[in-house]
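Residue numbers (this note's numbering): 368 to 700. Below is one structure, written out as structure tokens; the observations come after it.
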Amino acid sequence: MNNNPVSKTVKRELSKFLNKSFFFSQSDNNYAEEIILAAKAYTYVETAEGKSDSLHLKIKQCDWENLLGVYREIIKPYLRRLNIKRGIIALDITPEPFYGKTTGFYTIGCKGENGYTHEFQFLVLSLIDEKKEEKIPLACIPVHYGFDCANAIKDLLAYANKLFTIRFVLLDREFYSAENINALSGFRYLMLVPKLSREIKQLSEVVKYGYMDYKLRDHKGEEASTRIVLVRDKSDKFTWSFATNMVCEDYHAYVKFYKRRWRIETNFRVDDEAKIKSKSVFSVIRYFYFLMSLLLRAIWLVFRREIPFKRFLIQTHKCMLLERFGIYQMTTC
Numbered sequence: 368m369n370n371n372p373v374s375k376t377v378k379r380e381l382s383k384f385l386n387k388s389f390f391f392s393q394s395d396n397n398y399a400e401e402i403i404l405a406a407k408a409y410t411y412v413e414t415a416e417g418k419s420d421s422l423h424l425k426i427k428q429c430d431w432e433n434l435l436g437v438y439r440e441i442i443k444p445y446l447r448r449l450n451i452k453r454g455i456i457a458l459d460i461t462p463e464p465f466y467g468k469t470t471g472f473y474t475i476g477c478k479g480e481n482g483y484t485h486e487f488q489f490l491v492l493s494l495i496d497e498k499k500e501e502k503i504p505l506a507c508i509p510v511h512y513g514f515d516c517a518n519a520i521k522d523l524l525a526y527a528n529k530l531f532t533i534r535f536v537l538l539d540r541e542f543y544s545a546e547n548i549n550a551l552s553g554f555r556y557l558m559l560v561p562k563l564s565r566e567i568k569q570l571s572e573v574v575k576y577g578y579m580d581y582k583l584r585d586h587k588g589e590e591a592s593t594r595i596v597l598v599r600d601k602s603d604k605f606t607w608s609f610a611t612n613m614v615c616e617d618y619h620a621y622v623k624f625y626k627r628r629w630r631i632e633t634n635f636r637v638d639d640e641a642k643i644k645s646k647s648v649f650s651v652i653r654y655f656y657f658l659m660s661l662l663l664r665a666i667w668l669v670f671r672r673e674i675p676f677k678r679f680l681i682q683t684h685k686c687m688l689l690e691r692f693g694i695y696q697m698t699t700c
């Protein structure tokens, strides 16, 4: 009898993803344990796994849209289990380093401050769990040259809006453009502003709290109307600047709302401690492992969030190893 419900759940959910993505049979699907090993060891999957070559061959036969479709299918019951009716959405672009010599459609140039000059980027849609102050990853889209971010935002928000009622959307300064603001039409949003015009800078020097209606025009000539809100930080050392269509009587409420993104970004840094690393230069393989990292985090949030994420992975892998030899533990897994 299996008395390790968590490890059994993780293996079941990972196997479900693999079966639906690659049409594995239950008998030949033996990759879940290797994926957990790579995640908990924070090492390259090619080093941790003995079967990565055969799995990579199968991944190359897929496209990312199919993998995302399976992920969405698996995530939907999790939201029902958590009884999510309405929530706050966050959008992030998360980079993954690329060390290959030959770049391609999905490798984006970067500053090179961390030892690499190109990276894979993923647009991640997350639900902020307001009670637990955690992010639940709902979907992920790979970024590429010529990427239509505004259209991707529309698609992701339409998908999320079918799952629950969106209270508002939080975005970082990298999303600040007329196209993206127009894509947010119909939703309440709060976005950090990266660079202020001369008139807004002058205004921020003379007022501590205020707003102005503002028309933004991007390099393509597209225009968008928004409201620029200025909030002097309580430390009185700098001024927050937001683009938003939300109206708050208390100006510090804007800062309070936006700081929930910091918790999201902190969660991403925590995820880095247990992400699945790969040396592959193939975008669909890198996308697959990034998606697996998101799925593991979602499983943890739903089934075992009372322990730290990294310890959850370590315990799960330990239990899987013991189960392979017919040894079952009553409580530690």
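Glycine included, each C-beta is placed from N, C-alpha and C at the ideal position. Since the model is a prediction, treat every value here as computed from it, not as a measurement.
Inspect the beta-carbon positions of Arg594 and Tyr581 and report whether they are closer than 8 Å.
Working through the sequence shown from its first residue, we reach residue 594 at position 227. Working through the sequence shown from its first residue, we reach residue 581 at position 214. Cβ distance < 8 Å, so Arg594 and Tyr581 count as in contact.
Backbone secondary structure at Cys477 - three-state DSSP
Residue 477 sits at position 110 when you count from the first residue of the sequence shown. In the structure shown, Cys477 sits in coil (DSSP, three-state: anything other than H, G, I, E or B).
Rounded separation between Gly588 and Pro464 - CA only:
For this step, residue 588 is matched to residue 221 along the sequence shown. For this step, residue 464 is matched to residue 97 along the sequence shown. C-alpha separation (whole angstroms): 33 Å.
Checking the sheet assignment: what are the DSSP bridge partners for Thr611?
One-based indexing of the sequence shown puts residue 611 at position 244. According to DSSP, Thr611 bridges with Leu557, Arg594.
Take the Cβ of Ala525 as the centre, count every other Cβ of all protein chains shown within 10 Å, and call the residue buried at 16 or more, exposed below.
What you label residue 525 is simply residue 158 of the sequence shown in a count that begins at 1. Counting Cβ neighbours within 10 Å, Ala525 comes out exposed, since fewer than 16 surround it.
Would you call the region 435–444 in contact with the region 458–477, where contact means no fewer than 3 C-beta pairs closer than 8 Å?
no
How about Met558 and Ala610: are their beta carbons less than 8 Å apart?
Translated into the one-based positions of the sequence shown, residue 558 becomes position 191. Translated into the one-based positions of the sequence shown, residue 610 becomes position 243. Taking 8 Å as the Cβ cut-off, Met558 and Ala610 qualify as a contacting pair.
Starting from the Cα of Asp603, find the closest Cα among Glu572, Arg628, Met579, Ala399 and give me that residue.
On the sequence shown, residue 603 is found 236 positions in, with the first residue counted as 1. With distances taken between Cα atoms, Asp603 lies closest to Glu572.
In the DSSP output, what is Glu308 paired with across the bridge?
The question about residue 308 has no answer, for the chain in this structure spans 368 to 700.
Just to confirm, is the Cβ distance from Ala361 to Lys623 under 8 Å?
Nothing about residue 361 can be read from this structure; the chain reaches only from 368 to 700.
So does the region 414–434 actually touch the region 649–656, counting three or more Cβ pairs closer than 8 Å?
yes
Near Lys425, which residues of its chain fall below 7 Å by C-beta distance, leaving aside the five closest residues on each side in sequence?
Sequence index remark: in the sequence shown, residue 425 carries index 58 (1-based). Excluding sequence neighbours, Lys425 sits near Phe389.
Beta-carbon separation (whole angstroms), Leu505 vs Ala527, contact threshold 8 Å:
Residue mapping note: residue 505 aligns to position 138 of the sequence shown, counting from 1. Residue mapping note: residue 527 aligns to position 160 of the sequence shown, counting from 1. Indeed they touch by this definition, with Cβ atoms about 6 Å apart.
Assuming Lys411 contacts Lys677 (C-beta within less than 8 Å), just tell me the rounded distance between them.
Numbered from 1 along the sequence shown, position 44 holds the residue referred to as residue 411. Numbered from 1 along the sequence shown, position 310 holds the residue referred to as residue 677. Going by the sequence as given, residue 411 is Tyr instead of Lys. That belief does not hold up - the Cβ atoms of Tyr411 and Lys677 are roughly 17 Å apart, past 8 Å.
So, are the CB atoms of Phe531 and Tyr556 less than 8 Å apart?
Indexing the sequence shown from 1 puts residue 531 at position 164. Indexing the sequence shown from 1 puts residue 556 at position 189. No, they are not a contact pair.
Could you round the C-beta distance between Ala591 and Leu583 to whole angstroms and report it? I think they count as a contact, below 8 Å.
On the sequence shown, residue 591 is found 224 positions in, with the first residue counted as 1. On the sequence shown, residue 583 is found 216 positions in, with the first residue counted as 1. At roughly 5 Å, the Cβ-Cβ gap stays under 8 Å, so Ala591 and Leu583 are in contact.
How many whole angstroms separate the CB atoms of Asp430 and Val651, which I take to be in contact at a CB cut-off of 8 Å?
Indexing the sequence shown from 1 puts residue 430 at position 63. Indexing the sequence shown from 1 puts residue 651 at position 284. Yes, they are in contact, since the Cβ atoms of Asp430 and Val651 sit about 7 Å apart, within 8 Å.
In the DSSP output, what is Tyr576 paired with across the bridge?
To locate residue 576, count along the sequence shown from 1; it is residue 209. Paired residues: Val598.
Please state whether DSSP places Gly589 in a helix, a strand or coil.
Numbered from its first residue, the sequence shown carries residue 589 at position 222. In the sequence under discussion, the amino acid at residue 589 is Glu, which differs from the Gly named in the question. Coil, per DSSP.
State yes or no: is the C-beta of Phe489 within less than 8 Å of the C-beta of Cys477?
Walking along the sequence shown from the start, residue 489 turns up at place 122. Walking along the sequence shown from the start, residue 477 turns up at place 110. Not a contact, by the Cβ cut-off of 8 Å.
Tell me the rounded alpha-carbon separation between Gly553 and Pro509.
Within the sequence shown, the letter at position 186 stands for residue 553. Within the sequence shown, the letter at position 142 stands for residue 509. Taking the straight line from one Cα to the other gives about 25 Å.
Spatially closest choice to Lys502 from Lys646, Asn612, Arg627, by CA coordinates:
Taking the first residue of the sequence shown as position 1, residue 502 is located at position 135. The shortest Cα separation from Lys502 among Lys646, Asn612, Arg627 belongs to Arg627.
For Tyr625, does the count of other Cβ atoms within 10 angstroms reach 16, so buried, or fall short, so exposed?
Indexing the sequence shown from 1 puts residue 625 at position 258. It is buried - the Cβ of Tyr625 has at least 16 other Cβ atoms within 10 Å.
Three-state secondary structure (DSSP) at Gly467?
For the purposes of this step, residue 467 is taken as residue 100 along the sequence shown, with counting starting at 1. DSSP places Gly467 in coil when its eight states are reduced to three.
To which residues of the same chain is Tyr618 closer than 6 Å at the C-beta, ignoring the five residues directly before and after it?
Residue mapping note: residue 618 aligns to position 251 of the sequence shown, counting from 1. Cβ within range, chain order: Tyr576, Val598.
Does DSSP put Gln428 in a helix, a strand or coil?
Here residue 428 refers to the residue found at position 61 when the sequence shown is read from its first residue. Coil, per DSSP.
So for Val491, helix, strand or coil by DSSP?
Counting from one through the sequence shown, the residue named residue 491 turns up at place 124. In the structure shown, Val491 sits in a strand (DSSP, three-state: E or B).
Using 8 Å as the threshold, is the C-beta distance between Tyr512 and Phe472 below it?
By one-based count along the sequence shown, residue 512 stands at place 145. By one-based count along the sequence shown, residue 472 stands at place 105. Contact: yes.
Where Val491 falls, given that 16 or more other Cβ within 10 Å makes a residue buried:
Working through the sequence shown from its first residue, we reach residue 491 at position 124. Answer is buried; the Cβ neighbour count reaches 16.
On the CB-based measure, 16 or more other CB atoms within 10 Å of its CB, does Gly454 come out buried or exposed?
Looking up residue 454 in the sequence shown gives position 87. It is buried - the Cβ of Gly454 has at least 16 other Cβ atoms within 10 Å.
Name the one or two DSSP bridge partners that His485 has.
Reading the sequence shown from its first residue, position 118 is the one you call residue 485. The partner list for His485 (beta bridge, DSSP) reads Phe465, Gly476.
Report, in whole angstroms, the separation of the C-beta atoms of Cys516 and Asn547, which I expect to be a contact under 8 Å.
The residue given as residue 516 occupies position 149 in the sequence shown. The residue given as residue 547 occupies position 180 in the sequence shown. Correct: roughly 6 Å between the Cβ atoms.
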